[in-house]
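Protein chains in written order, with my numbering: chain S, 13 to 124; chain P, 2 to 440.
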Amino acid sequence: MPKLTFVMPDGSRREVEASEGASVLEIAHDNDLEDAIEGACEGSMACSTCHVVVEGDWYAKLPPPSAEESDILDLALGLTRTSRLGCQIRLTADLDGLVVKVPGEHLDMRGR
Amino acid sequence: MPISVAIVGSGPAGFYTADALSSSGDAVSIDFIERLPTPYGLIRGGVAPDHQTTKNVQKKYEKTALKEQVRFFGNVEVGRDVSLAELRSMYDAVVLAVGAPRDRALGIPGEDKKGVFGSADYVGWYNGHPDFRDLNPNLNVAAAVVIGVGNVAIDVARLLSRSADELAETDLPEYAERAILDSPVKDIWTCGRRGPIDAKFTNVELREMGKLSESVPLVKAEQLPDSVGELPERDKRLKERNLETLREFCARKLDEKPKRVHFEFYAAPVEILGGDRVEGVRFERTRVEGGRATGTGEFFDIPCGLVIAAIGYRSDRIEGVPFDDKQGIVPNNDGRVEDGLYAVGWIKRGPTGVISSNRPDGVTVAEHIHNDFAGGAKGSKPGRKALEKLLAERKARIVSFADWKKLEAAESEAGGGKRPRRKFTTVRDMLDYLDRNRN
Numbered sequence: 013m014p015k016l017t018f019v020m021p022d023g024s025r026r027e028v029e030a031s032e033g034a035s036v037l038e039i040a041h042d043n044d045l046e047d048a049i050e051g052a053c054e055g056s057m058a059c060s061t062c063h064v065v066v067e068g069d070w071y072a073k074l075p076p077p078s079a080e081e082s083d084i085l086d087l088a089l090g091l092t093r094t095s096r097l098g099c100q101i102r103l104t105a106d107l108d109g110l111v112v113k114v115p116g117e118h119l120d121m122r123g124r
Numbered sequence: 002m003p004i005s006v007a008i009v010g011s012g013p014a015g016f017y018t019a020d021a022l023s024s025s026g027d028a029v030s031i032d033f034i035e036r037l038p039t040p041y042g043l044i045r046g047g048v049a050p051d052h053q054t055t056k057n058v059q060k061k062y063e064k065t066a067l068k069e070q071v072r073f074f075g076n077v078e079v080g081r082d083v084s085l086a087e088l089r090s091m092y093d094a095v096v097l098a099v100g101a102p103r104d105r106a107l108g109i110p111g112e113d114k115k116g117v118f119g120s121a122d123y124v125g126w127y128n129g130h131p132d133f134r135d136l137n138p139n140l141n142v143a144a145a146v147v148i149g150v151g152n153v154a155i156d157v158a159r160l161l162s163r164s165a166d167e168l169a170e171t172d173l174p175e176y177a178e179r180a181i182l183d184s185p186v187k188d189i190w191t192c193g194r195r196g197p198i199d200a201k202f203t204n205v206e207l208r209e210m211g212k213l214s215e216s217v218p219l220v221k222a223e224q225l226p227d228s229v230g231e232l233p234e235r236d237k238r239l240k241e242r243n244l245e246t247l248r249e250f251c252a253r254k255l256d257e258k259p260k261r262v263h264f265e266f267y268a269a270p271v272e273i274l275g276g277d278r279v280e281g282v283r284f285e286r287t288r289v290e291g292g293r294a295t296g297t298g299e300f301f302d303i304p305c306g307l308v309i310a311a312i313g314y315r316s317d318r319i320e321g322v323p324f325d326d327k328q329g330i331v332p333n334n335d336g337r338v339e340d341g342l343y344a345v346g347w348i349k350r351g352p353t354g355v356i357s358s359n360r361p362d363g364v365t366v367a368e369h370i371h372n373d374f375a376g377g378a379k380g381s382k383p384g385r386k387a388l389e390k391l392l393a394e395r396k397a398r399i400v401s402f403a404d405w406k407k408l409e410a411a412e413s414e415a416g417g418g419k420r421p422r423r424k425f426t427t428v429r430d431m432l433d434y435l436d437r438n439r440n
């Protein structure tokens with residue numbers, strides 16, 4: 013099974029086993045990270061609450077975002093050049109070892 | 002003793018507060034006080050009936066509602082069944098999460114004519130909100146004017162121009178579906194005082210206007226600037242996308258589809274025309290300088306039989322609570338109003354942002370409550386027990402969360418498969434259904 017690491021807003025790391033084909037959002041929820049990655053619309057690309065920042069060289073290895081994903085992503089808080097929606101990244105064997113950062117959304121929004 | 006918290010209102014702001022409080026590790030007891038028998042606020046009554054995926058978030062709210070510390074007191078109205086002063090005497094903390102349910106006024110002559118509606122009322126009508134289900138707007142008109150160029154204005158224009166097949170997959174109430182399908186409306190004008198770069202709609206919503214089966218979006222090429230101008234990188238990208246989409250609309254043809262949605266920028270409404278009933282809107286052409294629209298002295302009229310103003314909302318004044326009349330909010334210090342009284346969501350910061358913008362409000366107030374009580378004093382007021390006793394004495398008809406689940410199941414069944422649901426649209430119908438189905 014591929015492994016996925018979440019880097020939490022406080023810098024701590026959570027490495028989890030991911031079932032192949034599952035999305036980063038689904039994997040987060042399977043591992044009780046709902047408070048960190050909300051996924052309000054349940055992967056239907058109607059919100060940006062599963063926004064993650066893909067670390068290092070991994071970004072280039074992902075299939076590029078669709079126009080719909082880019083539209084929604086543009087509304088995410090704390091957007092970076094390697095931001096993606098967690099619901100749109102599916103874990104494959106090629107992505108074993110993927111690292112994604114969870115933005116500290118509510119902190120950013122209060123300008124701290 | 003757990004900290005007893007009453008949350009007035011069960012929309013997104015209330016639910017994010019309950020979620021944050023119940024996940025905090027503090028001993029808390031959380032009661033929602035909701036005026037309607039149904040939860041979820043604008044998720045149910047505001048989000049467009051053809052945007053069902055946006056409503057998925059209510060599944061998360063349900064998980065919060067079903068937590069052991071949380072109770073839902075539906076059909077209990079502050080000011081009718083219990084006063085705010087009583088709530089404050091019974092609960093350690095009271096959180097105001099009542100939103101901004103009222104329309105801002107246009108402030109122009111003629112706005113009280115028949116056929117002129119604010120978007121809060123009109124959207125409530127097509128979403129089956131009990132307060133507005135009898136609004137009965139006359140859609141038997143050839144043209145409609147929507148004032149405003151945000152996502153609510155787009156929702157209103159889009160719903161008016163949907164086909165029968167498209168509407169059949171929504172949760173529009175039957176009366177609204179019939180009114181829209183029977184409407185002969187051909188031209189819908191969406192008007193903004195400022196230009197296309199200042200418009201608040203997002204690109205997803207704008208592009209959707211180009212994909213409707215029976216309606217074509219039209220834009221005047223001369224109203225589009227050559228570039229979006231100097232903006233921070235991200236704003237620039239967002240505005241450029243909107244501009245690109247609007248350029249595509251310029252190329253569309255007037256007679257392509259049976260209905261047309263015209264985008265009219267640089268148009269400030271100055272008067273609603275007509276006798277008893279609206280017959281048109283008079284606009285002054287504007288130019289935008291430094292982000293502000295100023296009149297040019299040139300006027301023009303758009304004839305129409307229906308006007309919907311989607312220009313923003315305001316909160317209601319709550320008895321016994323300070324109110325900032327200018328901003329239409331309860332003055333607060335990052336969510337703290339007075340000792341034991343807090344505010345979240347639109348009544349705290351005004352009607353802006355998206356659903357998840359309410360999440361940080363809830364997190365902040367949960368932190369305040371933690372610091373104000375768990376830090377030392379802990380809870381000292383009885384909360385739920387006292388409320389239940391008081392409501393029993395007053396013979397209030399409480400709708401529990403289990404009752405809501407019955408209503409929800411009945412609505413879903415009434416949807417008949419293709420529709421997500423057919424809503425109950427009166428409180429009477431909801432209570433009658435529950436009376437007939439006591440297990």
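The beta carbon of each residue, even a glycine, is placed where N, CA and C say it ideally should be.
Just so it is clear, the structure is predicted and the values come from calculations on it, not from any experiment.
Output, in sequence order along the chain, the residues in the region 79-100 of chain S whose CB is closer than 8 Å to any CB in chain P.
Along the region 79-100 of chain S, going in chain order, the ones with a CB nearer than 8 Å to a CB of chain P are Glu80, Asp83, Ile84, Asp86, Leu87 and Leu91.
When you compare the CB of S/Asp47 with every CB in chain P, is at least one pair closer than 8 Å?
Sequence index remark: in the first sequence, residue 47 of chain S carries index 35 (1-based). Yes - at least one Cβ of chain P is within 8 Å of the one on S/Asp47.
Please confirm if P/Ile11 has its CB atom under 8 Å from at least one CB of chain S.
Residue 11 of chain P sits at position 10 when you count from the first residue of the second sequence. Note that residue 11 of chain P is Ser in the sequence shown here, rather than Ile. Not an interface residue.
Within 10 angstroms of its Cβ, does P/Ser5 collect 16 or more other Cβ (buried), or is it exposed?
Your numbering for residue 5 of chain P matches position 4 in the second sequence. Classification for P/Ser5: buried.
What residues from chain S crowd round P/Arg45, counting only those whose CB sits closer than 7 Å?
Taking the second sequence and counting its residues from 1, the one referred to as residue 45 of chain P is at position 44. The contacting residues do not exist; P/Arg45 stays about 15 Å from chain S at best.
Helix, strand or coil: which one does DSSP assign to P/Phe374?
Numbered from its first residue, the second sequence carries residue 374 of chain P at position 373. DSSP places P/Phe374 in helix when its eight states are reduced to three.
Give a yes or no on whether the minimum CB-CB distance between P/Val22 and chain S is below 8 Å.
The residue labelled residue 22 of chain P in the question sits at position 21 within the second sequence. First, the amino acid is wrong: residue 22 of chain P is Leu here, not Val. No, its Cβ sits nowhere closer than 8 Å to a Cβ of chain S.
P/Val157 and P/Ser214 look like a contact to me (Cβ under 8 Å); what is the Cβ gap, rounded to whole Å?
Residue mapping note: residue 157 of chain P aligns to position 156 of the second sequence, counting from 1. Residue mapping note: residue 214 of chain P aligns to position 213 of the second sequence, counting from 1. Contact doesn't hold; Cβ gap of about 18 Å is too wide.
Return yes when at least one heavy atom of the ligand FMN lies under 7 Å from the C-beta of S/Met20, else no.
As presented, the structure is devoid of all ligands, the ligand FMN included, so that no description of it is given.
So P/Ala98 and P/Thr18 are supposed to be a Cβ contact under 8 Å. How far apart are they, rounded?
In the second sequence, counting from the first residue as 1, residue 98 of chain P sits at position 97. In the second sequence, counting from the first residue as 1, residue 18 of chain P sits at position 17. So it is a contact: roughly 6 Å between Cβ atoms.
State the CB to CB distance for the pair P/Pro226 and P/Thr426, rounded to an integer number of angstroms; the pair is presumed to be in contact (CB under 8 Å).
Position 225 of the second sequence holds residue 226 of chain P. Position 425 of the second sequence holds residue 426 of chain P. Contact check for P/Pro226 and P/Thr426: beta-carbon distance about 44 Å, past the 8 Å limit, so the pair fails to qualify.
Find the residues of chain P that neighbour S/Cys53, judging by a C-beta separation of less than 8 Å, and give them in chain order.
As a first step, residue 53 of chain S is located in the first sequence; it is residue number 41 there, counting from the start. By Cβ distance, chain P contributes Thr54, Thr55, Asn57 and Val58.
Simplified DSSP assignment, three categories, for P/Asp317:
Against the second sequence, residue 317 of chain P aligns to sequence position 316. Note: P/Asp317 maps to coil in three-state DSSP.
Listing by chain order, which chain P residues have their CB less than 8 Å from the CB of S/Thr104?
Residue numbering aside, residue 104 of chain S sits at position 92 when the first sequence is read from its first letter. Simply none; closest approach about 25 Å.
Should P/Thr246 be flagged as near chain S, meaning a C-beta pair shorter than 8 Å?
By 1-based counting over the second sequence, the position of residue 246 of chain P is 245. The C-beta of P/Thr246 comes no closer than 8 Å to any C-beta of chain S.
Excluding sequence positions up to five away, which residues of its chain have a Cβ less than 7 Å from the Cβ of P/Arg89?
Counting from 1 along the second sequence, the entry for residue 89 of chain P is found at position 88. Same-chain partners within the cutoff: Val95, Gly341 and Leu342.
Going by other Cβ atoms of all chains shown within 10 Å of its Cβ, with 16 needed for buried, is P/Met91 buried or exposed?
Within the second sequence, the letter at position 90 stands for residue 91 of chain P. If you draw a 10 Å sphere on the C-beta of P/Met91, you find 16 or more other C-beta atoms in it, and that means buried.
Listing by chain order, which chain S residues have their CB less than 7 Å from the CB of P/Leu239?
What you label residue 239 of chain P is simply residue 238 of the second sequence in a count that begins at 1. Contact of P/Leu239 with chain S by beta-carbon distance below 7 Å involves Asp86.
Rounded straight-line distance, which links the Cα of P/Ile31 to that of P/Phe74
Indexing the second sequence from 1 puts residue 74 of chain P at position 73. Indexing the second sequence from 1 puts residue 31 of chain P at position 30. Their Cα atoms are separated by approximately 11 Å.
Just curious, the alpha helix (DSSP H) that P/Gly111 is in, first and last residue?
Mapped onto the second sequence, residue 111 of chain P falls at position 110. Here P/Gly111 belongs to no alpha helix (DSSP H), and DSSP marks it neither H nor E.
How is P/Lys240 classed by DSSP in three states: helix, strand or coil?
Taking the second sequence and counting its residues from 1, one reaches residue 240 of chain P at position 239. P/Lys240 carries a helical assignment under DSSP once its states are collapsed to helix, strand and coil.
Give the secondary structure of S/Cys59 by DSSP, where H, G and I count as helix, E and B as strand, and everything else as coil.
The residue you call residue 59 of chain S lines up with position 47 of the first sequence. Coil, per DSSP.
Determine contact between the region 40-54 of chain P and the region 370-390 of chain P, defined as no fewer than three beta-carbon pairs at a distance below 8 Å.
Judged by pairs of C-beta atoms under 8 Å, the region 40-54 of chain P does not touch the region 370-390 of chain P, as fewer than three such pairs exist.
So that I know if they touch, is there some Cβ in chain P lying closer than 8 Å to that of S/Ser56?
By 1-based counting over the first sequence, the position of residue 56 of chain S is 44. A Cβ of chain P is located within less than 8 Å of the beta carbon of S/Ser56.
By the 9 Å beta-carbon criterion, what residues does the region 200-234 of chain P contribute toward chain S?
Within the region 200-234 of chain P, the residues whose Cβ lies closer than 9 Å to some Cβ of chain S are Thr203, Asn204, Val205 and Arg208, listed in chain order.
Neighbour-count burial assignment, P/Gln59, 16 or more Cβ in a 10 Å radius:
What you label residue 59 of chain P is simply residue 58 of the second sequence in a count that begins at 1. Buried, since its Cβ has 16 or more Cβ neighbours within 10 Å.
Tell me whether S/Arg122 sits in a helix, a strand or coil according to DSSP, three-state version.
Stepping through the first sequence from its first residue, residue 122 of chain S is reached at position 110. Residue placement at S/Arg122 cannot be trusted, given a pLDDT of 32 that sits under 50; the coordinates are not used to answer.
Name, please, each residue of chain P whose Cβ falls closer than 9 Å to the Cβ of S/Cys62.
Within the first sequence, numbered from 1, the residue matching residue 62 of chain S stands at position 50. Near S/Cys62 there are no residues of chain P at all, since even the closest Cβ is about 10 Å away, more than 9 Å.
What separation, rounded to the nearest whole angstrom, lies between the Cα atoms of P/Gly417 and S/Asp44?
Within the second sequence, residue 417 of chain P is the residue found at index 416, counting from 1. Within the first sequence, residue 44 of chain S is the residue found at index 32, counting from 1. Near 35 Å, if we compare the C-alpha coordinates of S/Asp44 and P/Gly417.
Short of 8 Å Cβ to Cβ, which residues in the region 344-358 of chain P face chain S?
Val355, Ile356, Ser357 and Ser358: these are the residues of the region 344-358 of chain P whose beta carbon lies less than 8 Å from some beta carbon of chain S, given in chain order.
Could you tell me whether any Cβ in chain P is nearer than 8 Å to the Cβ of S/Glu50?
As a working note, residue 50 of chain S is residue 38 in the first sequence. By this cut-off, S/Glu50 is an interface position.
Please return the same chain residues whose Cβ sits closer than 6 Å to the Cβ of S/Cys189, not counting the five positions on each side in sequence.
For chain S, the structure presents residues 13 to 124; residue 189 of chain S sits outside this window and is missing.
To the nearest angstrom, how far is the alpha carbon of P/Cys305 from that of P/Val279?
Counted from its first residue, the second sequence places residue 305 of chain P at position 304. Counted from its first residue, the second sequence places residue 279 of chain P at position 278. Within the model, the alpha-carbon separation for P/Cys305 versus P/Val279 is close to 7 Å.
Quick one: residues in its chain with C-beta nearer than 6 Å to the C-beta of S/Leu110, no 5 flanking neighbours on either side, listed in chain order?
Translated into positions along the first sequence, residue 110 of chain S becomes position 98. Only Leu16 and Trp70 meet the Cβ criterion.
If you draw a straight line from the C-alpha of P/Leu161 to the C-alpha of P/Ile181, how long is it?
As a first step, residue 161 of chain P is located in the second sequence; it is residue number 160 there, counting from the start. As a first step, residue 181 of chain P is located in the second sequence; it is residue number 180 there, counting from the start. In a straight line, the C-alpha of P/Leu161 is about 6 Å away from that of P/Ile181.
Distance check for P/Pro361 and S/Leu119, CA to CA, integer angstroms please.
The residue given as residue 119 of chain S occupies position 107 in the first sequence. The residue given as residue 361 of chain P occupies position 360 in the second sequence. Here S/Leu119 scores only 41 on pLDDT, less than 50, and its place in the model is too uncertain to base an answer on.
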